[in-house]
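Note sheet for the following structure.
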Amino acid sequence: MAIKSDRWIRKMAQEQNMLEPFVDGQIKKNADGEGVISYGLSSYGYDVRCSNEFKVFTNINSAIVDPKNFCPSSFVDVQADVCIIPPNSFALARTVEYLKIPRNVLTICLGKSTYARCGIIVNVTPLEPEWEGHVTLEFSNTTTLPAKIYANEGVAQFLFFESDEVCETSYADRAGKYMKQTGVTVPKL
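Its first residue numbered 59, the sequence shown is counted upward by one per residue in the working numbering.
Here's what the structure looks like:
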(Lines of atoms letter the chains of each structure in order from A; the text may use other names.)
(Lines give C-alpha, C1' and ligand atoms only; values in the text may rest on other atoms or scores of the structure.)
Protein backbone atom coordinates (compact mmCIF):
# COMPACT_ATOMS: atom_id res chain seq x y z
CA MET A 59 0.00 0.00 0.00
CA ALA A 60 1.43 3.40 -0.95
CA ILE A 61 0.43 6.98 -0.21
CA LYS A 62 -0.62 8.84 -3.36
CA SER A 63 0.81 12.11 -4.68
CA ASP A 64 -0.81 15.28 -5.99
CA ARG A 65 -0.57 13.95 -9.59
CA TRP A 66 -2.55 10.81 -8.70
CA ILE A 67 -5.16 12.77 -6.69
CA ARG A 68 -5.61 15.27 -9.56
CA LYS A 69 -6.03 12.42 -12.08
CA MET A 70 -8.60 10.60 -9.89
CA ALA A 71 -10.53 13.83 -9.29
CA GLN A 72 -10.63 14.62 -13.02
CA GLU A 73 -11.25 11.12 -14.39
CA GLN A 74 -13.35 9.49 -11.62
CA ASN A 75 -14.86 12.47 -9.78
CA MET A 76 -13.19 11.31 -6.57
CA LEU A 77 -13.51 14.84 -5.10
CA GLU A 78 -16.21 17.34 -6.07
CA PRO A 79 -15.70 20.24 -6.13
CA PHE A 80 -11.97 19.81 -6.70
CA VAL A 81 -9.51 22.67 -6.08
CA ASP A 82 -6.26 22.13 -7.98
CA GLY A 83 -3.73 23.70 -5.60
CA GLN A 84 -3.66 25.38 -2.19
CA ILE A 85 -5.97 28.35 -1.64
CA LYS A 86 -4.70 30.63 1.13
CA LYS A 87 -6.66 33.84 0.45
CA ASN A 88 -10.31 34.54 -0.39
CA ALA A 89 -11.54 36.67 -3.30
CA ASP A 90 -11.05 39.82 -1.18
CA GLY A 91 -7.40 38.94 -0.52
CA GLU A 92 -8.02 38.06 3.13
CA GLY A 93 -6.20 35.06 4.59
CA VAL A 94 -8.10 31.79 5.00
CA ILE A 95 -7.20 28.45 6.52
CA SER A 96 -5.79 26.72 3.43
CA TYR A 97 -7.65 24.12 1.41
CA GLY A 98 -7.25 22.21 -1.85
CA LEU A 99 -4.63 19.91 -3.36
CA SER A 100 -1.33 19.53 -1.51
CA SER A 101 1.79 17.44 -2.17
CA TYR A 102 0.45 14.14 -0.79
CA GLY A 103 -3.11 14.88 0.19
CA TYR A 104 -6.15 17.07 -0.14
CA ASP A 105 -7.28 19.67 2.42
CA VAL A 106 -11.08 19.60 2.63
CA ARG A 107 -13.37 22.45 3.66
CA CYS A 108 -16.13 22.50 6.23
CA SER A 109 -19.62 23.45 5.01
CA ASN A 110 -21.77 25.99 6.85
CA GLU A 111 -24.00 23.26 8.36
CA PHE A 112 -23.23 22.41 11.99
CA LYS A 113 -24.75 20.38 14.80
CA VAL A 114 -23.48 21.70 18.13
CA PHE A 115 -23.72 19.39 21.13
CA THR A 116 -25.84 20.67 23.99
CA ASN A 117 -26.98 19.17 27.25
CA ILE A 118 -30.16 21.21 27.66
CA ASN A 119 -32.23 17.99 27.59
CA SER A 120 -29.94 16.09 30.01
CA ALA A 121 -29.63 13.29 27.46
CA ILE A 122 -27.18 10.41 27.74
CA VAL A 123 -24.79 10.07 24.82
CA ASP A 124 -25.53 6.54 23.62
CA PRO A 125 -24.20 5.39 20.22
CA LYS A 126 -26.87 2.65 20.12
CA ASN A 127 -29.73 5.02 20.84
CA PHE A 128 -28.57 8.50 19.96
CA CYS A 129 -30.96 11.35 20.77
CA PRO A 130 -30.90 13.94 17.94
CA SER A 131 -32.19 16.59 20.37
CA SER A 132 -28.69 16.54 21.88
CA PHE A 133 -27.70 18.89 19.08
CA VAL A 134 -28.63 22.41 18.09
CA ASP A 135 -28.58 22.97 14.32
CA VAL A 136 -26.58 26.00 13.20
CA GLN A 137 -26.18 27.32 9.66
CA ALA A 138 -23.56 30.06 9.62
CA ASP A 139 -20.14 31.11 8.32
CA VAL A 140 -18.72 30.53 11.82
CA CYS A 141 -19.57 27.94 14.47
CA ILE A 142 -18.81 28.52 18.14
CA ILE A 143 -18.18 25.28 20.05
CA PRO A 144 -18.69 25.55 23.82
CA PRO A 145 -15.78 24.67 26.14
CA ASN A 146 -15.12 20.94 26.51
CA SER A 147 -17.83 20.15 23.96
CA PHE A 148 -18.04 19.17 20.31
CA ALA A 149 -19.83 19.83 17.06
CA LEU A 150 -20.53 17.87 13.90
CA ALA A 151 -20.22 19.33 10.42
CA ARG A 152 -19.73 18.02 6.90
CA THR A 153 -17.27 18.57 4.12
CA VAL A 154 -18.03 20.85 1.19
CA GLU A 155 -16.49 18.15 -0.98
CA TYR A 156 -18.35 14.99 -1.99
CA LEU A 157 -15.95 12.02 -2.10
CA LYS A 158 -16.07 8.77 -4.10
CA ILE A 159 -13.34 6.43 -2.88
CA PRO A 160 -12.03 3.91 -5.46
CA ARG A 161 -12.27 0.19 -4.66
CA ASN A 162 -8.51 -0.21 -4.09
CA VAL A 163 -8.06 2.91 -1.92
CA LEU A 164 -8.26 3.59 1.83
CA THR A 165 -8.49 7.23 2.94
CA ILE A 166 -7.31 8.58 6.29
CA CYS A 167 -8.14 12.00 7.74
CA LEU A 168 -5.89 14.18 9.89
CA GLY A 169 -6.74 17.56 11.41
CA LYS A 170 -4.99 20.72 10.26
CA SER A 171 -2.28 22.11 12.52
CA THR A 172 -3.93 25.55 12.67
CA TYR A 173 -6.88 24.05 14.57
CA ALA A 174 -4.81 21.51 16.53
CA ARG A 175 -2.64 24.35 17.91
CA CYS A 176 -5.85 25.90 19.29
CA GLY A 177 -6.94 22.71 21.07
CA ILE A 178 -9.50 21.82 18.41
CA ILE A 179 -9.30 18.18 17.37
CA VAL A 180 -10.83 16.90 14.11
CA ASN A 181 -11.90 13.26 14.08
CA VAL A 182 -13.00 11.23 11.07
CA THR A 183 -12.87 7.46 10.79
CA PRO A 184 -11.15 5.96 7.73
CA LEU A 185 -13.05 6.16 4.44
CA GLU A 186 -13.23 2.59 3.23
CA PRO A 187 -12.97 1.40 -0.39
CA GLU A 188 -16.03 2.43 -2.45
CA TRP A 189 -17.46 4.66 0.28
CA GLU A 190 -19.00 7.86 -1.06
CA GLY A 191 -20.71 10.95 0.29
CA HIS A 192 -20.11 14.15 2.20
CA VAL A 193 -17.86 13.31 5.13
CA THR A 194 -19.24 14.02 8.61
CA LEU A 195 -16.57 15.81 10.62
CA GLU A 196 -16.37 15.86 14.41
CA PHE A 197 -14.70 18.85 16.08
CA SER A 198 -13.76 18.46 19.75
CA ASN A 199 -13.03 21.62 21.69
CA THR A 200 -10.57 20.40 24.32
CA THR A 201 -10.14 23.85 25.86
CA THR A 202 -11.94 25.65 28.68
CA LEU A 203 -12.82 28.50 26.29
CA PRO A 204 -15.29 28.72 23.38
CA ALA A 205 -13.70 27.73 20.05
CA LYS A 206 -14.43 28.96 16.53
CA ILE A 207 -14.69 26.88 13.34
CA TYR A 208 -14.78 28.65 9.95
CA ALA A 209 -17.09 27.41 7.20
CA ASN A 210 -15.75 27.15 3.63
CA GLU A 211 -12.15 27.04 4.83
CA GLY A 212 -9.72 24.16 5.33
CA VAL A 213 -10.29 21.92 8.36
CA ALA A 214 -8.66 18.55 7.66
CA GLN A 215 -6.36 16.73 5.24
CA PHE A 216 -7.23 13.47 3.53
CA LEU A 217 -4.44 11.05 2.66
CA PHE A 218 -5.09 8.39 0.02
CA PHE A 219 -3.48 4.94 0.20
CA GLU A 220 -3.70 2.72 -2.88
CA SER A 221 -3.42 -1.03 -2.42
CA ASP A 222 -1.64 -3.42 -4.79
CA GLU A 223 -4.83 -5.47 -4.92
CA VAL A 224 -8.55 -4.80 -4.86
CA CYS A 225 -10.34 -5.62 -1.61
CA GLU A 226 -12.62 -8.63 -1.49
CA THR A 227 -15.56 -6.76 0.08
CA SER A 228 -15.97 -3.00 -0.19
CA TYR A 229 -18.12 -0.60 1.84
CA ALA A 230 -20.59 -0.50 -1.06
CA ASP A 231 -20.73 -4.33 -1.18
CA ARG A 232 -21.69 -4.35 2.51
CA ALA A 233 -24.32 -1.61 1.92
CA GLY A 234 -22.74 0.43 4.72
CA LYS A 235 -25.11 2.57 6.78
CA TYR A 236 -23.31 5.84 6.03
CA MET A 237 -23.14 5.29 2.26
CA LYS A 238 -23.97 8.36 0.11
CA GLN A 239 -24.69 10.61 3.09
CA THR A 240 -25.27 14.22 2.06
CA GLY A 241 -25.88 16.14 5.28
CA VAL A 242 -24.39 16.19 8.74
CA THR A 243 -25.13 12.61 9.83
CA VAL A 244 -25.62 11.58 13.46
CA PRO A 245 -24.78 8.06 14.73
CA LYS A 246 -26.81 5.16 13.31
CA LEU A 247 -27.04 1.58 14.49
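All C-beta atoms in this analysis are idealised placements derived from N, C-alpha and C, irrespective of residue type, glycine included.
For the pair of segments examined, the segment 131-149 was found to touch the segment 195-211: the number of CB pairs separated by less than 8 Å reaches three. For A214, the uninterrupted beta strand (DSSP E) segment begins and ends at 212-220. About 11 Å separates the CB atoms of M76 and L185; that is not less than 8 Å, and the two are not in contact. The shortest C-alpha to C-alpha distance from F80 to any of K87, T227, E73, G98 is the one to G98.
Taking C-alpha positions only, T172 is separated from L195 by approximately 16 Å.
Taken through DSSP and simplified to helix, strand or coil, I67 comes out as helix. Looking only at S221, A209, M237, K246, the smallest Cα-Cα distance to V106 is reached by A209. Within the same chain, G98, L99 come within 6 Å of G83 by CB-CB distance, once the 5 residues on both sides are set aside.
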